[in-house]
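2 protein chains.
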Amino acid sequence: MTSQKKTTVPRKIRIEANLLDKQLRAIFSAWGMPEDIIGPTVYTMVETDLRGIDSHGIGMIMRYEEYLQKGLLNIRPNIKTLKETPAVAQITGDAGLGHAPSVKAIEMACDKAEQLGVGIVSVTHSMHHGAVGAYALRAARRGMIGFGCTAAWAHCIPPTRSKDAMFATNPIAFAAPAGKNRHFVMDFATSTVAVGKISIAWFNDRPLPPGWVIDAEGQSVTDPAIAHPLSTRERQGGLTPLGGTEDMSSHKGYGLAAMVEILSTILSGAVYGPALIRRNPEATNTMSGGHFFMALKPEFFREPGDFQNDLDEMIDALHAATPIDPQKPVLVHGDNEWAHFDDRKKNGIPVPLKLLGLIKGVADRAGADFLLGEVSENSHSLWGAH
Amino acid sequence: MTSQKKTTVPRKIRIEANLLDKQLRAIFSAWGMPEDIIGPTVYTMVETDLRGIDSHGIGMIMRYEEYLQKGLLNIRPNIKTLKETPAVAQITGDAGLGHAPSVKAIEMACDKAEQLGVGIVSVTHSMHHGAVGAYALRAARRGMIGFGCTAAWAHCIPPTRSKDAMFATNPIAFAAPAGKNRHFVMDFATSTVAVGKISIAWFNDRPLPPGWVIDAEGQSVTDPAIAHPLSTRERQGGLTPLGGTEDMSSHKGYGLAAMVEILSTILSGAVYGPALIRRNPEATNTMSGGHFFMALKPEFFREPGDFQNDLDEMIDALHAATPIDPQKPVLVHGDNEWAHFDDRKKNGIPVPLKLLGLIKGVADRAGADFLLGEVSENSHSLWGAH
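Chain order of the listed sequences is A and B. Sequential numbering from 51 applies to the first sequence in my numbering. Sequential numbering from 51 applies to the second sequence in my numbering.
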């Protein structure tokens, strides 16, 4: 392995967001996805990479292909409203990818908040929708507070004291519109770390910090080769809830995961997997996820501009806080993602050559053109070595 | 000190909730608080002790007396609505205790949710309101999901990488109505632990687990005598955000504290202290807190009964999860509080004799009768030794 690090072939190339957008459109179109579903799906996937969240953007296309091949993905979903009042709605994603119903949901929530100050939209029967922060951010761009969370039929997090994994990583996102500063945007799994961090350690053969993952006996696992299946496939052990240990208040991370489950799955009418598994241990439907979105318009609470000014003051105060290590300034949620966004919008999105090869495979199998430049002419040397 | 532990005098006595209610009413009444403010204030304080959250109930009366003596507490607040739509409202607590405006806020939120599916009420210019879970629980008792959070003008939590403490313990509460099970109720500080846990370790001279508190250099502090002022009075160091360390994702706890600040303080129009302190390092107004409350009525999303049934299934699945240690079953949020509630409603609330003495002092200074039984006749032997 180490000898390959000496190769002169770059391991990543920068590709313009617009070109990635075109490539994904070509693939989804070849799969038969209608234009009105493709639009929000591709926009969200590419924007997620622009914001530096590589684990949840364009790199998901192989997983989506797998869903399609297994017959789990409805490529022509009928996304429709099931219940509605002027302030809330429940919509169904009809077993399609979650991006399009999630964009619809947060925009509906914002429309309602324009009228009444708040809008809540719940999405049932939906699939993976990328990073939930993308939808909270849409609200902030409309001058509103955005909140979102999502739960899936999966088993990653064993509650405090439990051997059995009872929740997916159940992420929470919250965004708020600033004035002169960039919008506040936070988005994270309610486990101590997300699956992506275990995967990266596994790819790089790096031991994990104790406390990220436990085995079925509740013991901390630091070997990433053992930790990875625990955090993805096994039904016992897994990713610790935020807090890590009972002493360090892992019951709080567990509570947040349960809150996300209640809002995303139970309120929306999606399926809480572990309850079904109690009745039928062979149950394996991983496709019935739910999402929850809220938008709040500050002007229904404050005079125009006051919320944004006060948020700017908070952000400025946090940036001005004295760092413990002068080399590591205090960050505000969103700072990292905005830095990636500015860089990548200007200089392109860095795509690992291995991923480029995988995308080419997806395009080829779909019968779609591969549009990502030189790579196709030089495939062996570019990703054959990785 | 150890010799005193051998005393045969019981250190706590059980007092009926109704009698504590009467005692608090007598004190507040003597202070000149109007009946319509006394009602929700006393109800909430006593219920909080019934639920076992001793740090936030009747034991707060000495702190409230301190506020009163310092002229910070408006004893006859004009709690009124400043802005309102059918779905949201902003109300002011008018610098009174936070219980009455918080009860009003969550009940208004529920009334709105009865009509539209959701209600959001924000409270500005308010003070301490006990444990925020009390208000989320009120929504669950009305068959609704309740969410609440609160922020105060205080400095306990240094963000990840920061020496400076920039947030109060900024708690979050969430409750959901179950069917056959007791309601799901969670309520916790967004720091790894609340101040109360540091106080208890300090009272008992017990070292803290590493990671609860850091000093101004970012080093973990385990000596409770050093940790206690750091978590309450100092502006540098303090309670770590949930997660504890950067490796264990303390940025998530920090993000939650910031979210609570934005919802409770900035949305409501209360004051974010550290921003003011940047302009005026001598600023010390600790009284301008804010709260945020939401109620959601499940029947606007699901068919009647479906939400409660599915939540029961989740709670049952969690209770049935295999424990790591068979002696320590997996708990669901609310279990401990419901056990206290059942016990204390039947057998009375255990009140430490020392606290009883302190309440007697407050009653005496207020010119209110002391109603808590024998204690007054035998004061020296009962609490003189502690």
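Note that the Cβ used here is the ideal one computed from N, Cα and C, for glycine as well.
Own chain residues within Cβ distance below 6 Å of residue i, not counting five before or after
| i | result |
| --- | --- |
| G167(A) | K347, F350 |
| K55(A) | Confidence at K55(A) is low in this model, with a pLDDT of 45, below 50, so the placement of that residue is unreliable and no value is reported for it. |
| V243(A) | W262 |
| T266(A) | The displayed chain sequence assigns Ala, not Thr, to residue 266(A). Hits under 6 Å: K213, Q286, G287. |
| S53(A) | Note that S53(A) has pLDDT 42, beneath the 50 cutoff, so the model's placement of it is unreliable and no number is given. |
| A202(A) | A218, G339 |
| G323(A) | W203 |
| T58(A) | Here T58(A) scores only 48 on pLDDT, less than 50, and its place in the model should not be relied on; the value that follows carries that caveat. Cβ within range, chain order: n/a, list empty. |
| K162(A) | A137, G169 |
| H178(B) | G148 |
| P252(A) | The amino acid occupying residue 252(A) in the given sequence is Trp; Pro does not appear at that position. Only P274, H278 meet the Cβ criterion. |
| A333(A) | L326, I327 |
Residue i versus residue j: straight-line alpha-carbon distance, rounded
| i | j | result |
| --- | --- | --- |
| T372(A) | G287(B) | 11 Å |
| H301(A) | G339(A) | 24 Å |
| T219(B) | S299(A) | 14 Å |
| G229(A) | A181(B) | 33 Å |
| A518(B) | R256(A) | Here chain B covers residues 51 to 436 and nothing more, so residue 518(B) does not appear. |
| V321(A) | V271(B) | 44 Å |
| H233(A) | R329(B) | 23 Å |
| I409(B) | I250(B) | 19 Å |
| K378(B) | L289(A) | 20 Å |
| G305(B) | I248(B) | 22 Å |
| M110(A) | F224(A) | 23 Å |
| L422(B) | S79(B) | 17 Å |
| F197(A) | F343(A) | 6 Å |
| D385(B) | N231(B) | 10 Å |
| K62(A) | I399(A) | 9 Å |
| A277(B) | T210(B) | 18 Å |
| M112(B) | L70(B) | 15 Å |
| M236(A) | V382(B) | 27 Å |
| I195(A) | E134(A) | 21 Å |
| T295(B) | A215(B) | 15 Å |
| Q73(A) | E115(A) | 14 Å |
| V92(B) | S241(B) | 27 Å |
| S176(B) | T315(B) | 10 Å |
| E164(B) | A189(A) | 25 Å |
| D419(A) | L406(A) | 13 Å |
| H390(B) | G107(B) | 14 Å |
| P376(B) | P208(A) | 15 Å |
| Q358(A) | A345(A) | 15 Å |
| A370(A) | P402(B) | 44 Å |
| M95(A) | L258(B) | 45 Å |
Beta-bridge partners of residue i, as assigned by DSSP
| i | result |
| --- | --- |
| D297(B) | D297(B) pairs with nothing; no bridge assigned. |
| Q140(A) | K133(A), S172(A) |
| C199(B) | I222(B), F342(B) |
| S212(B) | P373(A) |
| S27(B) | Given a span of 51 to 436 for chain B in the structure shown, any question on residue 27(B) remains unanswerable. |
| V263(A) | L289(A) |
| V235(A) | A225(A) |
| K62(B) | P402(B) |
| I248(A) | Bridge partners of I248(A): none, in fact. |
Within chain D, partners of residue i - CB distance below 7 Å
| i | result |
| --- | --- |
| P324(A) | Note that chain D does not occur in the displayed structure, where the protein chains are A and B. |
Proximal residues to residue i (C-beta, below 8 Å), its chain only, five neighbours per side dropped
| i | result |
| --- | --- |
| L118(A) | W81, I125 |
| E157(A) | R188 |
| C206(A) | A215, F217, A218, T219, S241, V245, S281, T282, G288, L289 |
| I264(A) | P208, S270, V271, L280, G287, G288, T290 |
Own chain residues within Cβ distance below 7 Å of residue i, not counting five before or after
| i | result |
| --- | --- |
| I141(A) | I129, K130, T131, L132, P151, K154, A155, V171, V173 |
| P260(A) | S270, T272 |
| I222(B) | C199, F238, T240, L306, V310 |
| L317(B) | S172, F342 |
| D144(A) | N124, P127, N128, I129, H175 |
| C160(B) | G169, A189, R192, M194, A345 |
Are the stretch 407-416 of chain A and the stretch 351-366 of chain B touching, with three or more C-beta to C-beta distances below 8 Å? The stretch 407-416 of chain A, when compared against the stretch 351-366 of chain B, does not touch it at the 8 Å Cβ threshold.
Can you confirm whether the stretch 118-133 of chain A touches the stretch 151-164 of chain B when touching is taken to mean that 3 or more C-beta pairs between the two stretches lie within less than 8 Å? Two segments are said to touch when three or more pairs of C-beta atoms, one from each, lie closer than 8 Å; by this definition the stretch 151-164 of chain B does not touch the stretch 118-133 of chain A.
For the pair the stretch 65-77 of chain A and the stretch 127-136 of chain A, tell me if three or more CB-CB distances fall below 8 Å. Contact between the stretch 65-77 of chain A and the stretch 127-136 of chain A is absent, because fewer than three Cβ pairs lie under 8 Å.
Given 8 Å, three or more beta-carbon pairs between the stretch 379-398 of chain A and the stretch 96-108 of chain A: Touching, yes, given that three or more Cβ pairs across the two stretches are closer than 8 Å.
To test your reading of the DSSP string, which unbroken alpha helix (DSSP H) runs of 4 or more residues are found completely within the stretch 361-411 of chain B? For the stretch 361-411 of chain B, the continuous alpha helix (DSSP H) assignments of 4+ residues that do not extend past its boundaries occur at 385-397, in sequence order.
Would you list, in sequence order, the uninterrupted alpha helix (DSSP H) runs of no fewer than 4 residues that lie entirely inside the stretch 77-132 of chain A? The alpha helix (DSSP H) runs lying completely inside the stretch 77-132 of chain A and spanning 4 residues or more are 85-100, 111-119, given in chain order.
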